[in-house]
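What follows is one structure encoded as structure tokens, with my remarks underneath.
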Amino acid sequence: MKYSKIFQYAYLVFAALFLYDGAVKWENDPDKAYISMALGGLAIFMFFFRGKFRRKYDNKDNSK
């Protein structure tokens, strides 16, 4: 289960990259910035979503 924890934090890395990209594009082309910001928000959502289910399955494995 160590790999799932590593991939969970990879979502935070991608969120930071997308949010930075959106901030840089904001001045020139706001339409493309919205897409980057949305992908950054989605990556943050996936970080918490994956963490919730990882803990759920870890608790299920420990109860047996």
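In my numbering, each residue's number is its place in the sequence shown (first place is 1) plus 25.
Note that beta-carbon positions come from the ideal geometry of N, C-alpha and C, so glycine has one too.
Reduced DSSP category for residue i - H, G, I as helix; E, B as strand; rest coil
| i | result |
| --- | --- |
| aspartate 83 | helix |
| aspartate 54 | coil |
Min CB distance residue i to chain D below 8 Å
| i | result |
| --- | --- |
| valine 49 | No chain D is part of this structure, which consists of one protein chain only. |
Same chain only: Cβ atoms within 6 Å of residue i, ignoring 5 sequence neighbours per side
| i | result |
| --- | --- |
| leucine 44 | Gly65 |
Spatial neighbours of residue i in its chain, beta-carbon cut-off 8 Å, leaving aside the 5 residues before and after
| i | result |
| --- | --- |
| arginine 75 | Ser29, Phe32, Gln33, Tyr36 |
| lysine 50 | Lys57, Ala58, Ser61 |
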